[in-house]
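S.K.: From first to last, the protein sequence lines are chains A and B. First residue of the first sequence? That's 1 in my numbering, and the numbers climb one at a time after it. First residue of the second sequence? That's 498 in my numbering, and the numbers climb one at a time after it.
2 protein chains.
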Amino acid sequence: MAQQAFLLQSSPISSQPHSRWGFLLILSLLFNALCLVIIGKHGQLLNRGSKTENLQSLGWSRKAAEEAEAAAQYSCSGHGYVFVDTFRRNQDGTPVCECNECYLGPDCSEIDPNCVANADSGDPGFLEPFWMANSEAGATVVPAWYRMSYRIKDGSAAMFSPELEEQIRAIHALVGNAVTEERYIVLGTGSMQLINAAINSLSPTQSSNPAQVVAAVPYYGAYKGQTELFDSSDNLWTGDARAFQERTKSLNSTTFIEFVTSPNNPDAQPNEAVLKGKNVKAVYDHAYYWPHFTAISHPVDEDIMLFTISKLTGHAGSRLGWAIIKDYDLYQKMYLYIQYNTLGVSHDTQLRATTLLKAIISGYKQSKGMKAFKTDSKQLLFHYAYPVMRRRWESLERIFSASDRFSLQNLQPLYCNFFGKVTDPSPAYAWVKCEREEEDCAAVLEKAGIIGRAAKEFGADKRYVRLSLLRRDDAFAVFERRLQALVSHNKTAQESM
Amino acid sequence: MAQQAFLLQSSPISSQPHSRWGFLLILSLLFNALCLVIIGKHGQLLNRGSKTENLQSLGWSRKAAEEAEAAAQYSCSGHGYVFVDTFRRNQDGTPVCECNECYLGPDCSEIDPNCVANADSGDPGFLEPFWMANSEAGATVVPAWYRMSYRIKDGSAAMFSPELEEQIRAIHALVGNAVTEERYIVLGTGSMQLINAAINSLSPTQSSNPAQVVAAVPYYGAYKGQTELFDSSDNLWTGDARAFQERTKSLNSTTFIEFVTSPNNPDAQPNEAVLKGKNVKAVYDHAYYWPHFTAISHPVDEDIMLFTISKLTGHAGSRLGWAIIKDYDLYQKMYLYIQYNTLGVSHDTQLRATTLLKAIISGYKQSKGMKAFKTDSKQLLFHYAYPVMRRRWESLERIFSASDRFSLQNLQPLYCNFFGKVTDPSPAYAWVKCEREEEDCAAVLEKAGIIGRAAKEFGADKRYVRLSLLRRDDAFAVFERRLQALVSHNKTAQESM
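1. Pull up the distance between the alpha-carbon of residue 66/A and that of residue 402/A, whole angstroms please.
2. Can you tell which of 623/B, 629/B, 815/B and 707/B has its C-alpha closest to the C-alpha of residue 752/B?
3. Tell me, please, which residues DSSP counts as bridged to residue 325/A.
4. Taking all protein chains shown into account, decide if residue 895/B is buried (16 or more other Cβ within 10 angstroms of its Cβ) or exposed.
5. Between the segment 190 to 208 of chain A and the segment 654 to 671 of chain B, can you find at least three pairs of beta-carbon atoms closer than 8 angstroms?
6. Would you identify the three-state DSSP class for residue 387/A, choosing helix, strand or coil?
7. For the candidate residues 476/A, 459/A, 474/A and 455/A, whose alpha-carbon lies nearest to that of residue 466/A?
8. In chain order, what residues of the same chain have a beta carbon less than 8 angstroms from the beta carbon of residue 167/A, not counting five sequence neighbours either side?
9. Report buried or exposed for residue 347/A, applying the criterion of at least 16 other Cβ atoms within 10 angstroms of its Cβ.
10. Is the number of C-beta pairs between the segment 301 to 319 of chain A and the segment 435 to 444 of chain A that are closer than 8 angstroms three or more?
11. Using the Cα positions of residue 479/A and residue 678/B, report the straight-line distance between them to the nearest angstrom.
12. So what's residue 845/B in DSSP terms, helix, strand or just coil?
13. Expressed to the nearest angstrom, what Euclidean distance is found between the alpha-carbon atoms of residue 882/B and residue 967/B?
14. May I ask which residues mark the beginning and end of the alpha helix (DSSP H) holding residue 908/B?
15. Please go through the same chain and pick out, in chain order, the residues whose beta-carbon is closer than 7 angstroms to the beta-carbon of residue 788/B, but skip the five residues on each side of it.
16. Helix, strand or coil: how does DSSP classify residue 78/A here?
17. Using three-state DSSP, classify residue 296/A as helix, strand or coil.
18. Could you check if residue 70/A is buried or exposed, using at least 16 other CB atoms within 10 Å of its CB as the buried criterion?
19. Identify whether residue 935/B lies in helix, strand or coil by the three-state DSSP scheme.
20. Can a CB atom of chain A be found closer than 7 angstroms to the CB of residue 577/B?
21. Around the Cβ of residue 51/A, are there at least 16 other Cβ atoms within 10 angstroms (buried) or fewer (exposed)?
22. Within the continuous alpha helix (DSSP H) that includes residue 225/A, where are the two ends?
23. So, using beta-carbon positions, are residue 965/B and residue 636/B closer together than 7 angstroms?
24. Would the beta-carbon of residue 112/A fall within 7 angstroms of that of residue 75/A?
25. In chain B, which residues lie with their C-beta within 7 angstroms of the C-beta of residue 349/A?
26. Identify the contact partners of residue 63/A in chain B, using a Cβ-Cβ distance below 9 angstroms as the criterion.
27. Using the Cβ count rule (16 or more neighbours within 10 Å means buried), how would you classify residue 816/B?
28. Just mark residue 888/B as buried or exposed, buried being the case when its beta carbon has 16 or more other beta carbons within 10 Å.
29. Judging by CA-CA distance, which residue of 95/A, 103/A and 91/A is the nearest neighbour of residue 476/A?
30. Thinking just about the alpha-carbon of each residue, which of 781/B, 668/B, 765/B and 682/B is nearest to the one in residue 457/B?
31. Take residue 847/B and list the residues in its own chain whose beta-carbon comes closer than 6 angstroms to its own, dropping the five residues that flank it on each side.
32. With C-beta atoms as the reference, is residue 331/A less than 7 angstroms away from residue 324/A?
33. In whole angstroms, what separates the C-alpha of residue 614/B from that of residue 926/B?
34. Using a beta-carbon distance below 7 angstroms, is residue 364/A in contact with chain B?
35. Kindly indicate which three-state DSSP category residue 877/B falls into: helix, strand or coil?
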């Protein structure tokens with residue numbers, strides 16, 4: 001308005017003598033030019049500015065979002081990270097990078113030459129790059145007042161987000177790995193919590209004959225560890241399921257709870273229950289029944305099946321798992337157990353899991369050629385993850401092929417319904433055997449700077465050891481190098497004999 | 498650039514005959530005016546646009562932040578809410594408000610006249626308005642790749658965020674309610690999980706003499722419920738601690754685990770352990786030892802103390818609690834229990850709890866006059882929360898003062914170190930007694946449309962009932978109305994006799 005007033009005042013110039021008109025016109029035209037340059041230069045910015053205004057005018061979430069992004073922008077050389085809750089600080093108050101194992105220095109750029117290769121943990125760090133590449137779809141914003149109540153909703157399963165339940169059913173439908181129609185789902189604080197929820201709920205109460213909890217060797221050690229630590233009057237761990245194969249009929253007043261991990265942890269075999277009979281309750285742990293680890297041959301449909309987000313999306317730190325259950329009474333019992341144990345599962349984690357599952361599912365929805373490997377795998381979780389696991393297994397096969405001291409478990413290519421083709425093995429763990437008799441395989445590897453998980457944790461002979469293929473690229477690279485050195489050294493030693 | 502070229506071509510106009518100059522000058526001046534109007538009008542927007550660009554250029558977090566804020570903007574009349582994971586949708590795809598209890602309609606604007614007043618749950622909804630008012634400080638953004646590992650850090654307590662541990666110690670230091678210096682802290686999935694972690698860790702193993710778990714009547718029912726459901730060989734629930742007062746010495750080979758809730762749930766009394774002796778292990782549950790519920794008389798310093806975020810910040814749905822422990826071996830055992838039970842506590846929830854505690858602490862840091870009630874209570878959690886709880890208790894006192902059929906527990910004003918003055922009672926629960934003999938107090942209230950928690954849940958006489966004062970304003974208003982009606986009706990009935 002001020003500018004308009006100024007222009008109106010200066011328009012009487014046109015009544016001045018002709019000689020001045022040329023000069024004024026030139027001045028005016030120059031001013032026109034300046035105007036157009038300004039508008040031209042800022043045109044793009046103007047557009048962006050107004051778009052920004054329309055799109056978001058972010059309020060309460062802006063500060064937290066800015067802080068999260070500022071933390072993520074610290075450079076840790078791709079071998080570490082900073083989050084808003086990174087604890088250690090430099091003297092100037094800036095955060096100190098949290099470096100991946102084997103990396104050192106203020107920006108994690110130095111490799112520790114003496115670093116031991118940790119192949120013990122089942123940490124699914126191999127999926128971290130997928131989520132870094134899908135950072136927008138996988139981000140979660142939790143409002144301060146988000147679901148503060150114990151309950152998420154009214155009704156009987158009040159602790160389980162209906163939207164999360166929908167996404168869990170949807171991911172199984174997408175992959176075709178489990179039947180969920182007309183099944184109950186119990187949410188747990190990781191499938192770890194559901195192990196004991198199942199044991200507790202399947203055991204007879206106040207019986208002089210407690211349930212026997214068993215699993216075929218080699219088995220995931222937590223079944224034993226948990227049952228023994230919790231030491232219920234209603235059940236006890238009695239070890240290898242195969243030891244009871246002949247006796248379940250004669251012991252028909254005893255309840256057997258058999259854990260069947262399929263594909264198996266540690267050896268990736270597609271297990272079936274070993275025990276049969278009315279008194280046998282099989283709990284199928286399908287943590288690894290996803291296309292990155294194994295061919296999906298059919299939708300599984302057992303009475304009790306456990307799954308976990310840890311081995312699906314890779315978010316082991318977000319404690320969330322689920323049990324798919326046929327029987328209503330068992331569902332009710334397990335739900336009650338979770339109530340008494342932890343009053344449900346953190347709502348924050350339920351929200352994050354919902355976001356992550358939605359991100360995976362929408363990645364596939366957006367892609368039409370989901371059966372083909374050539375689609376853009378950056379937003380297709382299984383298409384991204386399978387080749388990573390496959391390459392790792394190929395690397396181990398290559399290293400061990402040069403050795404007759406060590407051998408790997410035998411795995412076959414199988415037809416995968418999800419990928420619509422035969423897929424080669426891509427297991428989560430190598431189950432390594434030391435071929436020399438009486439040798440403690442974990443100790444042999446430890447001497448070579450490789451930490452595996454010893455066979456005794458799986459109820460197995462000490463000639464075996466489990467090596468994790470799930471960890472971050474950084475950890476896998478160190479592990480691969482040490483393994484190569486061990487095998488080469490053995491071969492050289494043998495050849496020189 | 499295109500505009501500039503156009504101008505250079507048209508400048509030869511100045512060589513045209515004089516008669517046209519006036520017309521051209523006017524045209525040019527009009528164009529100038531237009532330019533200035535455009536620039537003037539968009540000047541502010543230009544500035545804002547560039548400021549936005551500088552301030553944040555939000556990347557991966559923007560979409561999630563926008564979605565979270567868009568959900569929060571749906572109008573649910575202040576009696577409900579929408580979040581990004583709100584499940585129910587209208588036909589047009591917009592979310593259906595999740596209404597608070599007793600509210601109905603698409604925007605939760607209708608009150609249900611037949612609604613039963615639910616005063617059963619310990620849901621701390623009374624703190625929801627505080628977090629709505631502090632939505633910026635309390636918001637949490639979780640990157641897609643945030644702490645995916647089972648471990649948060651290297652070392653022995655690898656599942657516990659050091660930043661969260663720091664904030665837990667800081668909030669106790671701020672309030673002065675517990676000694677944490679030179680104490681160990683075990684994190685749990687709510688203090689619920691820590692109850693059994695303590696029982697399991699304090700019980701002798703493989704003993705013919707299991708530990709006896711007790712608590713003085715009236716006690717919080719979960720101690721009993723959990724111990725009975727988990728049915729360990731190493732311990733059993735044996736009821737009222739007072740029944741063993743004379744016998745702990747003669748039963749000196751038996752371990753007693755006594756739960757002491759202080760202030761007590763249900764009756765808000767400042768309890769001390771009833772049993773004494775070397776064989777007695779007291780577990781102090783200090784869930785309610787915060788300034789909103791009771792006067793802080795001193796920093797408590799027991800061997801084992803439980804706290805929970807649920808009754809501190811009000812985030813009951815974010816399952817997180819902690820135990821403060823003196824003995825290193827017990828700390829190790831309880832840590833191991835949490836490992837076997839749930840493999841730690843969700844990292845997402847640890848991050849959110851860190852944010853919430855920081856928000857409370859920084860609210861007080863920013864305020865100098867924290868001892869005075871007159872400071873801006875909108876950002877001072879305890880200064881906001883105490884008056885809310887106090888008003889609710891005053892309301893109940895007023896209602897029951899007109900009745901000789903019902904009585905409330907007796908509570909006294911006490912000096913509160915935190916507020917630096919004597920504070921009047923503001924308990925979490927009313928522990929109501931029906932004065933008529935043989936009357937089932939919970940049933941009496943239920944007939945009047947009020948659901949309380951029956952005395953048998955607390956091991957107490959049926960003449961008592963617990964009424965929650967913790968719920969949302971909406972729920973409390975309904976409860977207050979029904980209670981007033983019940984007491985008035987009784988009084989009228991009595992007077993007409």
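Backbone N, C-alpha and C fix where the C-beta goes; we use that ideal spot for every residue, glycine too.
M.R.: Looking at the coordinates:
1. Counted from its first residue, the first sequence places residue 66/A at position 66. Counted from its first residue, the first sequence places residue 402/A at position 402. So the alpha carbons of these two residues sit roughly 52 angstroms apart.
2. Position 255 of the second sequence, counted from the start, is the residue given in the question as residue 752/B. By alpha-carbon distance to residue 752/B, the top candidate from 623/B, 629/B, 815/B and 707/B is 707/B.
3. Position 325 of the first sequence, counting from 1, holds the residue named residue 325/A. According to DSSP, residue 325/A bridges with 184/A and 304/A.
4. Locating residue 895/B in the second sequence gives position 398, where the first residue counts as 1. By the neighbour-count rule (16 or more Cβ atoms within 10 Å), residue 895/B is not buried but exposed.
5. no
6. The residue given as residue 387/A occupies position 387 in the first sequence. Three-state DSSP puts residue 387/A in a helix.
7. Sequence index remark: in the first sequence, residue 466/A carries index 466 (1-based). Closest option to residue 466/A, Cα to Cα, is 455/A.
8. Start at 1 with the first residue of the first sequence, and residue 167/A comes out as number 167. A distance below 8 angstroms between beta-carbons, with the five flanking residues on each side excluded, links residue 167/A to the following residues of its chain, in chain order: 353, 354, 357, 358 and 361.
9. Here residue 347/A corresponds to residue number 347 of the first sequence, with the count starting at 1. That one is buried.
10. no
11. Numbered from its first residue, the first sequence carries residue 479/A at position 479. Numbered from its first residue, the second sequence carries residue 678/B at position 181. Approximately 40 angstroms between the Cα atoms of the pair.
12. Reading the second sequence from its first residue, position 348 is the one you call residue 845/B. Residue state, collapsed to three classes: helix.
13. Locating residue 882/B in the second sequence gives position 385, counting from the first residue. Locating residue 967/B in the second sequence gives position 470, counting from the first residue. Between residue 882/B and residue 967/B, the C-alpha separation is close to 10 angstroms.
14. To locate residue 908/B, count along the second sequence from 1; it is residue 411. Taken as a continuous stretch (DSSP letters only), residue 908/B belongs to no alpha helix (DSSP H), as it is neither H nor E.
15. In the second sequence, the residue the question calls residue 788/B occupies position 291. Excluding positions up to five away in sequence, the list reads 672, 879, 883, 913, 915 and 916.
16. The residue given as residue 78/A occupies position 78 in the first sequence. Taken through DSSP and simplified to helix, strand or coil, residue 78/A comes out as coil.
17. By one-based count along the first sequence, residue 296/A stands at place 296. Three-state result, residue 296/A: coil.
18. Walking along the first sequence from the start, residue 70/A turns up at place 70. Label assigned to residue 70/A: exposed.
19. Counting from one through the second sequence, the residue named residue 935/B turns up at place 438. If DSSP states are grouped into helix, strand and coil, residue 935/B belongs with coil.
20. The residue given as residue 577/B occupies position 80 in the second sequence. Closer than 7 angstroms: no.
21. Reading the first sequence from its first residue, position 51 is the one you call residue 51/A. Caution applies to residue 51/A, whose pLDDT of 37 falls short of 50 and renders its modelled position unreliable; the value that the coordinates give is listed next. Under this definition residue 51/A is an exposed residue.
22. The sequence position of residue 225/A within the first sequence is 225, counting from 1. From DSSP, the alpha helix (DSSP H) with residue 225/A extends over 222 to 230.
23. Residue 965/B sits at position 468 when you count from the first residue of the second sequence. Residue 636/B sits at position 139 when you count from the first residue of the second sequence. Not a contact, by the Cβ cut-off of 7 angstroms.
24. Within the first sequence, the letter at position 112 stands for residue 112/A. Within the first sequence, the letter at position 75 stands for residue 75/A. For residue 112/A and residue 75/A, no; Cβs fall outside 7 angstroms.
25. Your numbering for residue 349/A matches position 349 in the first sequence. Ordered by position in chain B, the residues that pass the 7 angstroms Cβ test against residue 349/A are 843, 845 and 846.
26. As a working mapping, residue 63/A is identified with position 63 in the first sequence. Within chain B, the residues near residue 63/A are 633, 634 and 636.
27. Position 319 of the second sequence holds residue 816/B. Under this definition residue 816/B is a buried residue.
28. Taking the second sequence and counting its residues from 1, one reaches residue 888/B at position 391. Exposed, because fewer than 16 other Cβ atoms sit within 10 Å of the Cβ of residue 888/B.
29. For the purposes of this step, residue 476/A is taken as the residue at position 476 of the first sequence. Among 95/A, 103/A and 91/A, the Cα nearest to that of residue 476/A is on 103/A.
30. Coverage of chain B is limited to positions 498 through 994, which leaves residue 457/B absent and any answer about it impossible.
31. Here residue 847/B refers to the residue found at position 350 when the second sequence is read from its first residue. 658 and 661.
32. Stepping through the first sequence from its first residue, residue 331/A is reached at position 331. Stepping through the first sequence from its first residue, residue 324/A is reached at position 324. Not a contact, by the Cβ cut-off of 7 angstroms.
33. Residue mapping note: residue 614/B aligns to position 117 of the second sequence, counting from 1. Residue mapping note: residue 926/B aligns to position 429 of the second sequence, counting from 1. Their Cα atoms are separated by approximately 15 angstroms.
34. Counted from its first residue, the first sequence places residue 364/A at position 364. No, no contact with chain B.
35. Against the second sequence, residue 877/B aligns to sequence position 380. Residue 877/B falls in the coil class under three-state DSSP.
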